[in-house]
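The next block holds one structure in the form of structure tokens; read it before the comments.
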Amino acid sequence: LDALGVGEGERVAVVSHNSARLLELLFAVPMSGRICVPVNFRLKAEEIEYVVRQSGASVLLVDPEVRETVADVGVAHRFTLGEQTETELMRFGVEPRRWSHPDEDATATINYTSGTTARPKGVQLTHRNIWVNGLTFGLHTRAWERDVYLHTLPMFHCNGWGMPFVMAGLGAKQVVLRKADGAEILRRVDEHGVTLMCGAPAVWNAVLDAAAGWEGPVPGRDRVRIVCAGAPPPSRTIQRVGEELGWEFTQIYGLTETSPLLTFNRARSEDEALPGEERARKLSRAGLPALGVKLQVAESGEVLARSNVVLDGYWEKPEETAAALEDGWFHTGDGGTVDAGDGHLTISDRKKDVIITGGENVSSIEVEDTIFSHPGVAEVAVIGVPDTKWGETIKALIVLAGGAVVSEAEIIAHCKERMAGYKAPTSVEFREAIPRTATGKIQKFKLREPYWSGRSRGVN
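Oh and the sequence shown: position 109 is 104 in my numbering, straight run, nothing missing.
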């Protein structure tokens, strides 16, 4: 980077599947004084180009599998990871750069997250944010140097929730899994003696499915600890993890904007006498505030947070930053309640127009904008509906333009051509009208009601 003339504070974007090189880059780029911008490899070229352009990245590091996807993305310097040998990357004859501690308040990473706008916002996390998150995450997961951590979670997701920093700081062994697959996870647990993993509910559902066909005892029983986030899984899934796998289940809640850890929920010794179903129900809650985190629920029902893990700001978006950090509290956009008895937080609704499917945040506004670009669509509303495997799936409710004849398959294909596949709706329903308020605002709560009826909360 020095040889390229890339100065301190400049952005280095990385588009990659999980790999040892990506793990190294999460350390190397910020510790050299530059800012690392991990990018979701599932995005389309246009979406990646927006992130590169909005962040002002001057360097783009690319996994070989996505090289063709980003071939036309404009950037000053581009490298394909693994193409150069270690020898080629070394600048012999150049005096080694003396390493110095970056300012703890300097931006270390910019992580893009979907929210209430069609375009993702860049979340600025400082060295202090990352350090404090790592410290508290390690404490609450009871991590230590003899742990073996399996990276099932994509590292672009809020820097792998900070776990690369936790495990490296402890000197613990890390096993990098390129793509999450239930059977492969079980094989790695067996081969490497894995003790700790993090992932979204869809990952644990895949492991449960694979375990049903596993020959012999399921590996890791009474040894593996898993951390789940992205959306609370059904209580039945939590119960099955304990009964069928023999793994310890813990639930957390957080956002990219909070590095991400805000709450942690692990079974208590006094709960051991409870029926399995009741224990699982209690574990489906977001949990208690993590060390150093202050939470409160506003009169509107929105969960507010204050902590050293809260973002420094949204990259080059001062108005959005001011709104998110109003009165010194981070506004999560999630509705919640706190149990008066034991103080545990439960997330009951999502105030932002965000759908979490398979652990991925999807802006319903972005999907609506894409569907609107189809000439046969007059009106559209996109909502999340409960799904046992993915937590939520994306459903599009559409009013067609006069005389238009459009199929469900055509709408889904239209979306997949223009955005990452996981953002496309999995189902489409055509309607005569979409309910609106007197001021013309779509009443999404009415659209969600038939699908969420009988549930105690509006997230799954």
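Yeah, the Cβ is synthetic: ideal placement off N, Cα and C, and Gly gets one too.
Separation of residue j from residue i, as counted between CA atoms
i    : j     : result
N303 : E444  : 37 Å
E3   : F74   : 19 Å
T434 : G353  : Residue placement at T434 is flagged as unreliable, the pLDDT there being 43, under the threshold of 50; the coordinate-derived value follows with that caveat. The straight-line gap from Cα to Cα measures roughly 34 Å.
D337 : G51   : 46 Å
W324 : S295  : 14 Å
W209 : I105  : 40 Å
R37  : E355  : 10 Å
R16  : W156  : 17 Å
S279 : A(-2) : 50 Å
E311 : L21   : 22 Å
V401 : A408  : 11 Å
S359 : K39   : 17 Å
G449 : D67   : 48 Å
Y107 : V118  : 6 Å
K418 : R93   : 44 Å
I406 : T232  : 32 Å
Q169 : H152  : 17 Å
N200 : R261  : 19 Å
Residue i CB to nearest heavy atom of the ligand FAD below 8 Å
i    : result
E243 : Although the ligand FAD was asked about, the structure shown includes no ligands whatsoever.
Beta-bridge pairing of residue i - partner residues as DSSP gives them
i    : result
Q291 : L299
C193 : V222
D364 : Bridge partners of D364: none, in fact.
R431 : I437
C31  : V7 and T104
V394 : E374
V143 : K168
T121 : T102
F325 : A300
K116 : T108
I180 : None; I180 has no bridge partner.
D382 : G386
R261 : T245
H72  : V54
T352 : E355
L340 : G282 and V333
Y309 : V118
L256 : G249
V423 : A391
Whole-number beta carbon distance between residue j and residue i, since they are thought to touch under 8 Å
i     : j    : result
T136  : R216 : Not a contact, Cβ separation roughly 19 Å.
N13   : V189 : That belief does not hold up - the Cβ atoms of N13 and V189 are roughly 15 Å apart, past 8 Å.
V202  : G177 : 5 Å
E297  : D329 : 7 Å
F440  : L395 : In fact, because the Cβ distance is near 24 Å, the residues do not count as touching under 8 Å.
G331  : V292 : 6 Å
L56   : V47  : Going by Cβ atoms, the distance from L56 to V47 rounds to 11 Å, so no, they are not a contact pair.
P227  : I342 : 7 Å
A206  : L181 : 6 Å
C31   : V61  : Wrong, their Cβ atoms sit about 17 Å apart, outside the cutoff.
L(-4) : S27  : 6 Å
I389  : G379 : 6 Å
A138  : H122 : 20 Å between Cβ atoms; not a contact.
Closest residue to residue i among the options (Cα-Cα distance)
i    : options                   : result
E321 : L299, A285, G287 and K312 : L299
L120 : E60, P33 and G77          : P33
V7   : S53, R450, A335 and G353  : S53
L269 : Q234, T245, L76 and G287  : Q234
D98  : L55, V198 and R29         : R29
V143 : L290, M162 and E311       : M162
K174 : F160, K168 and M150       : M150
P430 : E272, A376 and G0         : A376
R274 : F244, R301, S368 and G379 : F244
G211 : E239, V198 and A23        : E239
G133 : M158, R123, H152 and H146 : M158
G397 : P25, P370 and E412        : P370
S95  : P313, A335 and P25        : P25
Beta-carbon gap between residue i and residue j smaller than 9 Å
i    : j    : result
L165 : E140 : yes
I351 : V357 : yes
L191 : V222 : yes
I125 : S11  : no
P229 : T383 : yes
A281 : Y248 : yes
P284 : L257 : yes
G271 : G241 : no
L286 : L340 : no
E42  : A415 : yes
Cβ of residue i within 9 Å of any chain B Cβ
i    : result
I406 : Absent here is chain B; the protein component of the structure consists of one chain.
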